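Since the structure comes first, as structure tokens, the remarks are kept for the end.
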Amino acid sequence: MGDDAIDELYRAWSDAFRTGDFDAIAGLLTPDYVLFAPGREPVGIDALRPQLERVFAAFEVSIAFEREERIVSGELAYERGWDVQTVRPRDGGEVREQRQRVFLILQRGDDGRWRFARGVVLP
42 MGDDAIDELY RAWSDAFRTG DFDAIAGLLT PDYVLFAPGR EPVGIDALRP
92 QLERVFAAFE VSIAFEREER IVSGELAYER GWDVQTVRPR DGGEVREQRQ
142 RVFLILQRGD DGRWRFARGV VLP
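Going by the working numbering, the first residue of the sequence shown is number 42, and it counts up by one from there.
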């Protein structure tokens, strides 16, 4: 259960964003997940919910990940690459593509499934 299972996590993440399903997103995060973003306090799942629900109400979001590096060691993995988002306003405005550098730590749970444990986002 290595690379294929991690790749499946990314497919599920992309699907959850495409459908705007925060509960599915939360299921792909460890309970103690923390997101670090420039100029903002670190946030966990509870703080992400209202932020993403506002985003999903206003936009359709498609996400792709361009991996530059993956290292798996036991129950932990880290990945470095680019998060590429296509953001479509629901009101028909201009479609934008956003690219941000990401560093991610993944953890394999007792159930054998990989989840995101930490995320660092850089412009």
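For each residue, glycine too, the CB sits at the ideal point set by N, CA and C.
Predicted, not measured: the structure shown is a model, and the values here were computed from it.
Next item on the list: Can you say whether G134 is buried or exposed, counting buried as having 16 or more other CB atoms within 10 angstroms of its CB?
Entry: exposed
Next item on the list: Report buried or exposed for W155, applying the criterion of at least 16 other Cβ atoms within 10 angstroms of its Cβ.
Entry: buried
Notebook entry, point to check: Leaving out five residues before and five after Y119 in sequence, what residues of the same chain have Cβ atoms less than 6 Å from its Cβ?
Noted result: I112 and I146
Check: Would DSSP call L69 helix, strand or coil?
Finding: coil
Notebook entry, point to check: Rounded to a whole number of angstroms, what is the C-alpha to C-alpha distance between I66 and D132?
Noted result: 24 Å
Item checked: Beta-carbon gap between V128 and V136 smaller than 8 Å -> yes
Margin query: Could you tell me which whole alpha helix (DSSP H) segments of length 4 or greater appear in the stretch 58-110?
Written below: 63-68 and 86-99
Next item on the list: Answer with buried or exposed for G160, where buried requires no fewer than 16 other C-beta atoms within 10 angstroms of its C-beta.
Entry: buried
Check: Under three-state DSSP, which class holds D56?
Finding: helix
Next item on the list: Please name the residue, chosen from P79, D87 and G153, that lies closest to G115 on a Cα-to-Cα basis.
Entry: G153
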